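**Q** Residues 1 to 363 (my numbering) are what the sequence shown spells out, left to right.
The beta carbon of each residue, even a glycine, is placed where N, CA and C say it ideally should be.
Since this is a predicted model, take the numbers as computed values, not measurements.
Handing you this structure, nothing more for now.
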Amino acid sequence: MINRILFTFFTLFISHSLHSQTIDDSSCWEYFKITEALKKDRPLDRETWNNFLKNEAIQVYLKDQGVDSTYTENYRKIMEIVYMPKNSNALREKLKNRNKNWWTYIVNEYRINEDNMKEYLTQLKQDPKSYFDTCYQYSYQMLPDKNHKKAPEYKITIIPVHNDAHVENGWMVFTLMAAYFSDHNKNGTLGGHEFHHVLRPRLVFDVEEEDKVIVSLLQRILNEGSADLIDKRYEGEDAVKLLEFQRGYPESFIAEGPKTLKNIDSLLSVKPLNRSELKINKLINTWNTSGHIPGYYMANIIEKGGYKKQLIEHIEDPFQFIYLYNDAAKKNKGAFILSPATMEIIKELDKKYRSKAQLVQHD
1 MINRILFTFF
11 TLFISHSLHS
21 QTIDDSSCWE
31 YFKITEALKK
41 DRPLDRETWN
51 NFLKNEAIQV
61 YLKDQGVDST
71 YTENYRKIME
81 IVYMPKNSNA
91 LREKLKNRNK
101 NWWTYIVNEY
111 RINEDNMKEY
121 LTQLKQDPKS
131 YFDTCYQYSY
141 QMLPDKNHKK
151 APEYKITIIP
161 VHNDAHVENG
171 WMVFTLMAAY
181 FSDHNKNGTL
191 GGHEFHHVLR
201 PRLVFDVEEE
211 DKVIVSLLQR
221 ILNEGSADLI
231 DKRYEGEDAV
241 KLLEFQRGYP
251 ESFIAEGPKT
261 LKNIDSLLSV
271 KPLNRSELKI
281 NKLINTWNTS
291 GHIPGYYMAN
301 IIEKGGYKKQ
311 LIEHIEDPFQ
321 FIYLYNDAAK
331 KNKGAFILSP
341 ATMEIIKELD
351 KKYRSKAQLV
361 QHD
């Protein structure tokens, strides 16, 4: 009887372990071995560096960033400047002009915060379930009840380069800098944002060539705007636990949003409109073309207008996002209202593709 109970217990334990979401931070600890040697004035040879970069998650991230060997070689040299004591004077000079020596500044923040980052990673490993539960709860804030699911099939990794997060084909890659400071500021919100990208249902349909840019624009705006309602509210100018460049996003997006939206509206209102000549970077004519700036501005107006519940109910629908925005904008003094010409295009595309669309949801 005791043996049977023990067998059952271990079977359940193993099953739970196999299906529990985990965090792979192995590249971080390899990085700390490299920095330890650099702190002893031992140069970082190309072979060691290139072997480190072969980590699969790092490769996924770097390919998304579109960097080449020239970039990674320059990063290696920056590592030597930042971490080797003999280069302290050179480092001091470079840090005087942060914008000109941006990656030196980023790597230096890794150096300054290394001990705290190690502690952060250790704490994550001790109780990943609680951490992921917190992330999912933030995601659920912007999802209908039926989509309050989990994504255990995703490989969750933390890598010690850059300051960003990326989701792609079963990978969720957080840079250590982004994860550490975001969780220090408001635990779980960055993960909540990224899991929202995974769990959000989508209207999927084949798009004719001439409509691809406009439909892509609508999808980007909804994708980032809805997820940004999860975390950006915690990244304002008063979020002093973040680095200076990591905060102020909501204020910035709200300030830039109307100008970006006005530009989109003016380009879509041209008659006759040659849709085949439209370009995403011309429509979203700002430093970030992923959809964050117009998306967050519009989602914020929707929320202020009292339409957040409707947004969540139609979280898959890029056309409804536009309709809700314009309804909310009409109630908000000073908000930019999309022109009848632009709304005519949205309604035309809606009518054209809705009947062909499939609702794709995470299992």
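(1) Which of the three DSSP states is assigned to H184 in this structure?
(2) Can you tell which of A328, F321, L311 and E256 has the C-alpha that lies nearest to the C-alpha of I301?
(3) For T189, which residues of its own chain have a beta-carbon under 7 Å away from its beta-carbon, when the five flanking residues on both sides are left out?
(4) Ends of the alpha helix (DSSP H) at R202?
(5) Within 10 angstroms of its Cβ, does K356 collect 16 or more other Cβ (buried), or is it exposed?
(6) Using C-beta distances below 6 Å, list every residue in its chain close to G225, excluding the 5 sequence neighbours before and after it, in chain order.
(7) Among F195, N113 and H148, whose alpha-carbon lies nearest the alpha-carbon of P160?
(8) Suppose the cutoff is 6 Å on Cβ atoms and the five residues either side in sequence are ignored; what does the same chain contact list for D265 look like?
(9) From the DSSP secondary-structure annotation, give me the bridge partner or partners of I156.
(10) Keeping to the same chain, check which residues put their C-beta closer than 6 Å to that of R200; ignore five residues upstream and five downstream.
(11) Whole angstroms is fine: what's the gap from E56's alpha carbon to I156's?
(12) List the endpoints of the continuous beta strand (DSSP E) containing L124.
(13) So is G191 buried or exposed if we call it buried at 16+ other beta carbons inside 10 Å?
(14) Find out if the Cβ-Cβ distance for the pair R111, Y83 is shorter than 7 Å.
(15) May I ask which residues mark the beginning and end of the alpha helix (DSSP H) holding V240?
(16) Determine, using beta carbons only, whether I158 and F174 come nearer to each other than 7 Å.
(17) I'd like the ranges of any alpha helix (DSSP H) spanning at least 4 consecutive residues and lying wholly in the segment 78 to 102.
(18) Under the three-state reduction of DSSP, which class applies to A179: helix, strand or coil?
(19) Nearest-angstrom Cα distance between E194 and N169?
(20) Under the three-state reduction of DSSP, which class applies to I345: helix, strand or coil?
(21) Tell me whether Q21 is buried or exposed, calling it buried when 16 or more other Cβ atoms sit within 10 Å of its Cβ.
(22) Which term fits S252, buried or exposed, when burial requires 16 or more other beta carbons within 10 angstroms of its beta carbon?
(23) Is I293 closer than 7 Å to T260 when the C-beta atoms are compared?
**A** On the basis of the supplied data:
(1) helix
(2) Among A328, F321, L311 and E256, the Cα nearest to that of I301 is on A328.
(3) Y138, S182, I230, D231 and Y234
(4) Here R202 belongs to no alpha helix (DSSP H); instead the beta strand (DSSP E) covers R202 to V204.
(5) By the Cβ-count criterion, K356 is exposed, with fewer than 16 other Cβ atoms from all chains shown falling within 10 Å of its own Cβ.
(6) Only G295, Y296, M298 and A299 meet the Cβ criterion.
(7) N113
(8) These residues qualify, in order along the chain: L338, S339 and T342.
(9) I23 and M172
(10) I315
(11) 12 Å
(12) According to the DSSP assignment, L124 belongs to no beta strand (DSSP E) but to the alpha helix (DSSP H) extending over E114 to Q126.
(13) buried
(14) yes
(15) Taken as a continuous stretch (DSSP letters only), V240 belongs to no alpha helix (DSSP H), as it is neither H nor E.
(16) Taking 7 Å as the Cβ cut-off, I158 and F174 qualify as a contacting pair.
(17) 88 to 94
(18) Here A179 carries a helix assignment [DSSP, helix/strand/coil].
(19) 13 Å
(20) helix
(21) buried
(22) buried
(23) yes
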